[in-house]
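Residue numbers (the working numbering), protein chains in the order written: chain A, 1 to 329; chain B, 330 to 898; chain C, 899 to 1246.
Note that beta-carbon positions come from the ideal geometry of N, C-alpha and C, so glycine has one too.
As structure tokens, the structure follows; a few thoughts come after it.
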Amino acid sequence: MIRFLLRRTVSTVLVLLAMSAVIYVVFFAAPHDPAVLVCGKGCDGARLAVVRHKLGTDLPVWEQYWQFLHGLVAGRSFDSGTDLTRCAAPCLGYSFQTDQPVLQMVTQRIPVDLSLTVGAMVIWLVLGVGTGLLSALRRGRLAERALTALTLAGMSTPVFLIGLMLVMLFCAYLQWMPFPSFVPFTDDPGQWAANLVLPWLSLALIMSAAYARMTRSSLLETLAEDHIRTNRAYGLSERRIVFGHALRGALVPVVTMLAIDVGQILGGAMLTESVFGFDGLGRLLVNSVNQIDLPVVVGVTLFAGFFIVIANAVADVLYALADPRVSVA
Amino acid sequence: MSKSRAAVAVSAVALLAGLTAACGAGGGKSSSAAAAFDPATCQGGTLTVLNHRGQGNFDPAELYTSGGGKVPTLVFRTLTTRDHTTDGPDSAKVVPDLATDTGKPNQDATVWTYHLKPGLKFEDGSPIKSADVKYGVERSFAPELPGGPPYLRDWLVGGEVYQGPYKGGDLASIETPDDLTIVFELRKPEGDFPFLATATQFAPVPKSKDTGTSYQKHPISSGPYKVVSNDGGKTIVLDRNPNWARSADDQRLACPDKVVVNSGLDQSVINQRLAAGTGDDANAVTSDTNVNASVLARLNSDSALKSRVVTGFFGETQYLAFNPKVKPFDDVRVRQAVSYAIDRESVVNAVGGSSVAKPATTFLPDQPAFGYSPYDYFPAGQSGDPVKAKELLAQAGYPNGLTITLSHSTVTGDGSGPEVAAAVQEALGKAGITVKLDGTADDDYQTKYQKPATEPGLFLASWGADWPSGGPFLAPVFDGRQILADGGNYNSFQLNDPKVNAEIDAANKLTDQAQAAKAWGGLDAELGKQAYTVPLFHPIYKRLYGKDVRNAYVSQWNGLYDLSRISVK
Amino acid sequence: MSETPTVAQRPDGSEPGSEGPDAPVPGREPSGPRPDRNQVWRRLRADRAAVAALVVVVLLVLMAVAAPLICALEGQNATTFHNNLIDSATGGVPIGPFGGASGDHWLGVEPGTGRDVLARLVDGAQVSLSVSLGATVVQIALGVLVGLAAGLGTRTVDTVLSRAMDLVIAFPSLVFAVALMAVVPGGFPRPLLLMLVIGILGWGQTARIVRGQVLSLRGLDYVAAARLTGARRHRVARREILPALAGPVITYGVLQLPANVTQEAGLSFLGVGVRPPTPSWGQMLASATDWFQADPSYVLLPAALLFVTVLAFTVLGESVRTALDPRAKSRLRAGIERRRKRPEEAQA
């Protein structure tokens, strides 16, 4: 088990390293000079050089990347020319265009994505697993067909489409609720939830489709396994069989899928944020890309990648722990 | 206005200013609101500012403002400021702020002397001295604090080499003979100096409190509010400055007890929130977002909503820029053909219709303060004159039309974006000019066209007023001595005509604004004949404010309501 | 790509393959004898949902291919501005009900420009379909190449390529696509760029499946026999393995298509996809928040088209999968089996 974890950790780190290196290469392949814009109107060569030095763009690519890695592990200091700014490990870099540590910009926005994820997750689990269970246990033509239609529709709707339609219906036409706008949980939990209902629904309606299918197929599969058949042969009630024995095993793939999805959305739900105008990690990334604010782009991508890779690792471990058939040697 | 605004908007320049004279039009009239409004009892509540762009670094050296800015004017007092107290044409005038008058020039306007009002204090209670103003100006020279306007470096004696107080000691051309007097020595006559002195670079900074690039996190206030918290410009919270008193400031009312600036919001979200006006949004305004189509469409049927929309003008021109180093734009006939072919109606519609933009045929904004003198040498009418354009092209040697590339920014919703490019493409197509579009991500786009070496042949650009006068409008774009090889260049045509340069110098000498306006207007009309640019439109500001906001009237300097006099009670 | 939980898009290493309850470890067993073509057709024809989806897909493709014809029939094109058909003072709302629909403009005109909506929709279909098809081809080509190389190569090659697959699958692909699309110079043709970016960021799953198939095929008698008789590696690959891969690869490709349609629309929605004046459904939807009150039909039309397109391709993909692998049929109704790769496989 320990060897397995160790191996996962090493490969996780490698993936993240490769990811950050690729971003550096991509951004340096195209010519950019953010210094000119930071410097402002009427900037001459000497001033420009100072600004470039301040931004760190006067160094070769590999050196900038090395400094970035160094900062990630050991922290680093940024010399702005007038004072030193200390950026403690894990230093995701420093955005001179906004004069903030990238980590701070990221953590400012985490509440948005965390709120999105948590609420949507609850809804899609209830909806998805519930529908899946129901249709697995009541295997009739109608229920089956309804589920197939529902899940296909869910899978076929881009999240921004469903978000737009919800806003259009509930805010513009029925006017049942105001246009959503993010309110931090700590400010007003009621408003927080009220404003998040539509984003949650948009994400959840789409995600629950996959969960319904997964739950159903997984449960059916488990029910067909030998030990369940044995239980059935012993005359246990169907209810006991399902809830006492089959469900635990059947939910394993659901839980691993959940880990991955949560990891993805935590790293920034670009489309959902865009539809509802929430200022989360996804929007931060889109804006930074447009402003060629490289430290932020690298930082956010790495952060998003971090969640995804960690989620994958967690999923693997969960799977290994829960499924006795998998050897983790 | 912030550095990041300067970076983001294609009108990188510009920032405040803007003036409308004859047209105090629209809902901006304060008459009805003023009747119910009493400055004596307006105090209280929290004003929320909902903005799209971030405020950026809140350092008076790095902010790019004139007239004191919008949010900055709440925290920083400057030597002079725009007239906050009225919404008429007078609001485009310069009035004293920290100083006792708008400045005393010497004979040829090369030496400007100011006296500070006595008894002024910083937020920590210490007195504001002339040395603090000098230090504030000096800081803006430091390359470590980039982003401010370039004029000081160009105007002050020794300014072009001075590197700021951190490395360069002090600047000898600013003298402080006593604690209340400050004297600026310029290397050439500049009649517009009082306008420049409205910028936040002229806000006092106590040297002992300067923390370099970290100063922006907590700048020392000289105005009615102090910064309580600022998380990188995303949310700025301002609270009352106990050491500021109305008695020592005749420009600001400072009615709300607290001001919260929320930035980074989606433009349609801002409009939706202001229109709905629920909760705190009833006490909200925006200082950077125009009403969108969904609001405009409702105005005719919803008079309550209509009464909350104010209209203002900002001196800005969106135009097509030519680079004569790229063929065929060296040929004046080709440039004229493009001028004839342009369809301004399509362009105006592409940016939101006639409510938020008006077609432009002059480079100067159509406000008297800029010296506007109307001309239309290549009359394209509403929708272009492709026949005339074809004739000119044939004369220029392109009887079968030609293919050119138009560069634009990829950011939708500003005047240099893909929608405008598509409108231009469509119009020129009718005249036999095949236009290929070349879009670049916004910041890169600006970097590209502001550097002569990478400047495209034909591109969308805009120029906004640093203050309501013709000088800062024409000089950076047409003065041959302002061609900057390293970037930040706005003289796109790279025009270096001794005659034009001389006329600019002559106009700069004038301290009489009416005379100066005439001179600038004449110069603009002359430049127009050469078709160095194709003016497309001047923007109109139409902005919504919350239900419970009082005394919201539009300043004709920046086209916006004055945050320092709004009440939410 | 987060927010689009399409089966084929999952980065979790789950295989949309068809191993059933009694199938042993995935990737170890070949996907059985290939069904012959007639059989596949028969099964597809018997599936009513598949027939309906196929009809819709054919119609969509026809619409895209015949876009110039449709425009000519209507007498309009996608780029001409009609300033007289919109109300400039209210921001450019089309004059008249239903987005300004009339005998000249059957589905109305675009707010702000007065360009013909029908023309823009059918041109948008061209972009949407060609980009997603192109991206799928790129994904499949890259995936098959890398998968084959990994499956047939030496242990080191396999290890390196498998890591590369992990990397591509773990990449936050939407994040990367946004970054790439913004950085590439404007002169590069956008639809081609979209194809390449979506393709290059999305081949990981295909490669993984192909590798798994190759590994299992390698152990089969007839392949082993071919190798024993001294056939060279690439000959074995071409003659024995590639044909056997066709089934899973086609299935996967069809399932990948709707995901690519969604991704194209998403990128255009975020403003980094195709650029004006080239029309795109995602782009039309991007301005929806400004228009859904003033001009709802402008929003609903592309929304409906996008939904129908993705739905039709998804249904078709599911049906093709079932037709190619009848064992999975019962499970299609039940839901797709989505089992994570066993860790020891992932470590291979």
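When Cβ-Cβ separations below 7 Å define contact, C:Ser986 makes contact with chain B. Following the DSSP letters along the chain, one finds C:Ile1148 inside the alpha helix (DSSP H) bounded by residues 1140 to 1167. Residue contact with chain C for A:Leu161: present (Cβ-Cβ distance below 7 Å to some residue of chain C). Here the region 985 to 1002 of chain C makes no contact with the region 1047 to 1067 of chain C; the two share fewer than three CB pairs at distances below 8 Å.
Nearest in C-alpha terms to A:Val73, of all of A:Val102, A:Cys91, A:Arg138, is A:Cys91.
By the criterion of at least three beta-carbon pairs nearer than 8 Å, the region 193 to 206 of chain A is in contact with the region 107 to 127 of chain A. The CB of B:Pro401 never comes closer than 7 Å to any CB in chain A; the least such distance is about 16 Å. B:Ser884 has a beta carbon lying at 7 Å or more from every beta carbon in chain C. For C:Pro995 and B:Ala670, the gap between their C-alpha atoms comes out near 32 Å. By the criterion of at least three beta-carbon pairs nearer than 8 Å, the region 1064 to 1073 of chain C is in contact with the region 1094 to 1114 of chain C.
Only Gly593, Leu594, Asp595, Ser597, Val598, Gln601, Arg602, Ala605, Thr607 from the region 591 to 607 of chain B bring a Cβ to less than 8 Å from some Cβ of chain A.
Look at A:Glu63 here: in three-state DSSP terms it is helix. Scanning C:Leu1222, C:Gln1191, C:Ala976 for the CA closest to the CA of A:Met165 turns up C:Gln1191. Around B:Tyr819, the same chain offers Pro805, Val806 as residues with beta carbons nearer than 6 Å, after the five sequence neighbours per side are excluded. By the neighbour-count criterion, in which 16 or more other beta carbons inside 10 Å mark a residue as buried, B:Ser469 falls on the buried side.
For the options A:Asp226, A:Ile292, A:Leu37, A:Gly163, the alpha carbon positioned closest to that of A:Gly249 is the one of A:Asp226. Shown in chain order are the members of the region 1059 to 1075 of chain C whose Cβ falls below 8 Å from a Cβ of chain A: Arg1061, Asp1064, Leu1065, Ala1068, Phe1069, Pro1070, Leu1072, Val1073, Phe1074. In the DSSP assignment, B:Asn559 forms a beta bridge with B:Ile565.
For B:Thr402, the CB contacts under 6 Å within the same chain, skipping 5 residues up- and downstream, are Ser893 in chain order.
Apart from the 5 residues on each side of it in sequence, B:Val661 sits with its Cβ closer than 7 Å to the Cβ of Gln859, Ala860 in its chain, given in chain order. With fewer than 16 other Cβ atoms from the protein chains shown falling within 10 Å of its own Cβ, A:Tyr234 counts as exposed.
Under the 10 Å beta carbon count, B:Ser395 is surrounded by 16 or more other beta carbons and is classified as buried.
Within the region 761 to 780 of chain B, contact with chain C at the beta-carbon level (separation under 8 Å) is assigned to Leu766, Asp767, Gly768, Thr769, Ala770. The C-beta of C:Asp1002 comes no closer than 7 Å to any C-beta of chain B. Look at A:Ile241: its C-beta is not under 7 Å from any C-beta on chain C. For A:Ile308, the closest Cβ of chain C is nearer than 7 Å. Taking CB atoms only, C:Gln1191 has a neighbour in chain B less than 7 Å away. With fewer than 16 other beta carbons inside 10 angstroms of its own, A:Val10 counts as exposed. Less than 7 Å divides the Cβ of A:Val26 from the Cβ of C:Val1081.
Annotation: Cβ neighbours of B:Thr739 in chain C (cutoff 8 Å, chain order): Ala1080, Gly1084, Gly1169, Val1170, Arg1173. Any Cβ of chain A closer than 7 Å to the Cβ of C:Leu1209 would place that residue at the interface, and such an atom is present. For the pair B:Phe524 and B:Leu408, the CB atoms are not nearer than the 7 Å cut-off. For C:Leu1198, the enclosing alpha helix (DSSP H) begins and ends at 1194 to 1222. If you check the CB distance, B:Gln665 and B:Phe707 come in under 7 Å.
Among the residues facing chain A, B:Asn386 is included, as its CB has a counterpart in that chain under 7 Å away.
Closest option to C:Val955, judged by alpha-carbon separation, among C:Val1035, C:Leu1222, C:Leu1214, C:Ile1067: C:Leu1214.
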